[in-house]
Amino acid sequence: MGLTSINNAHMYQLPSVGQAQEVLESQLAERILIVGSGVLECMIAIELAEQGKEITLVEKTDELLLDCLDTPKRVELLKKIEYLVVTIFLETSVSKVLENQVCLCSQEGFETFLDIDNMIVPEKL
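So for the sequence shown, the working numbering puts the first residue at 15; every next one is plus one.
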């Protein structure tokens, strides 16, 4: 199964690690929202940020990279994310998806509207 384009190619669903290269090779615009903050999502965020894309990560928990806690890989990825100035929203979820905008909602109920060109989501939300 390849990368699935949803909503006129604005949203991409990432089914597995094997499709990460498809994301990196696709014609993504400048402002990209990535839902989730596992190793795969963070590696994609880093690669796209290195290409000059404006990246925002949204994570529903209060930590990035929960799938590799207490590992050197986590430290390495966090340093790169910080260096590349990736915007991060923790304890936040996507509540609405509009044409070129999303509404993010924090656990406290505060809403933030964010202008985006593309959105990358995991297979399971």
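Glycine included, C-beta positions come from ideal geometry on N, C-alpha and C.
Residue i classed as buried or exposed, judged by whether at least 16 other C-beta atoms fall within 10 angstroms
{"i": "GLU113", "result": "exposed"}
{"i": "VAL72", "result": "buried"}
{"i": "TYR26", "result": "buried"}
{"i": "THR18", "result": "A caution first: THR18 carries a pLDDT of 44, below 50, which makes its placement in the model unreliable, though a value can still be read off. Exposed."}
{"i": "GLY66", "result": "exposed"}
{"i": "ASN22", "result": "Low confidence applies here, because ASN22 scores a pLDDT of 49, under 50, leaving its location unreliable and the question unanswered by this model."}
{"i": "LEU38", "result": "exposed"}
{"i": "PHE103", "result": "buried"}
{"i": "THR126", "result": "exposed"}
{"i": "VAL99", "result": "exposed"}
Local conformation of residue i per DSSP, three classes
{"i": "ASP84", "result": "coil"}
{"i": "VAL108", "result": "strand"}
{"i": "CYS119", "result": "strand"}
{"i": "VAL99", "result": "coil"}
{"i": "LEU38", "result": "helix"}
{"i": "THR126", "result": "strand"}
Continuous beta strand (DSSP E) stretch holding residue i: start and end
{"i": "GLU55", "result": "Looking at the DSSP string, GLU55 is not in any beta strand (DSSP E); the run it does join, the alpha helix (DSSP H), is 53-64."}
{"i": "ILE130", "result": "Segment: none, ILE130 is in no beta strand (DSSP E) and carries neither H nor E."}
{"i": "LEU28", "result": "25-28"}
{"i": "THR70", "result": "68-72"}
{"i": "LEU47", "result": "45-49"}
Beta bridge counterpart(s) of residue i as assigned by DSSP
{"i": "LEU92", "result": "DSSP output for LEU92 lists no bridge partner at all."}
Counting beta carbon pairs with one atom in the stretch 89-96 and one in the stretch 116-124, are three or more of them shorter than 8 Å? Not touching, per the Cβ criterion.
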